[in-house]
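In what follows, a single structure is set out as structure tokens and then discussed.
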Amino acid sequence: MRWALALVAALAAAAEPDPAADRTAFIAALTRAPGIAAAQQRALAAERAIGAAGVLPDPMLSGDLGRKRPSMGDDTRLYGLMLEQPLPRWGERAAARASARAAAGAAGAERDDVLGEHAAELALMLSEAAAAEIGRAHV
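What follows is the structure, given as structure tokens:
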């Protein structure tokens, strides 16, 4: 919240109010807010997780090499190669994708909520600073 207090102090110290500069400072303060940046990064991560949701796991490859000495006869070499691909149950991949889309929507809503809260707090601080400046001018 220090960034907001610094902005309010700077705007209150200005000699003449300039609505365009106030708007620019307001938007700049919102873009520097760490809470908004964190919410934006969470929303971005949730959106990118949609692409990874529901993909098949990596296949596994294993091999064996051995020698068997039967009771009668020559040595026998044994070779083995196995490829495994775990498969999800029916509907699990679609459910994972739907869950990721829902999580991304929730993260986007949280980001918008945080942005709205920060904007409201900052607007309140700016209006209180402007009211204090008007009160000082009339005293």
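In our numbering, the protein residues as written are 798 to 936. Glycine included, C-beta positions come from ideal geometry on N, C-alpha and C.
- By the criterion of a C-beta distance shorter than 6 Å, Asp861 is surrounded in its chain by Gly877, once the five residues flanking it on both sides are discounted.
- The alpha-carbon of Gly848 is positioned some 29 Å away from that of Ser859.
- Comparing alpha carbon positions, the residue from Ala916, Arg933, Leu884 and Ala897 closest to Ile824 is Ala916.
- Nearest C-alpha to Met857 among Thr873, Leu884 and Ala826: Leu884.
- Remark: fewer than three beta-carbon pairs, one from each stretch, lie closer than 8 Å, so the stretch 886-900 and the stretch 908-926 are not flagged as touching.
- Relative to Arg894, the option among Ala903, Ala846 and Arg933 whose CA is nearest is Ala846.
- In the structure shown, Leu875 adopts extended strand secondary structure according to DSSP, grouped into three states.
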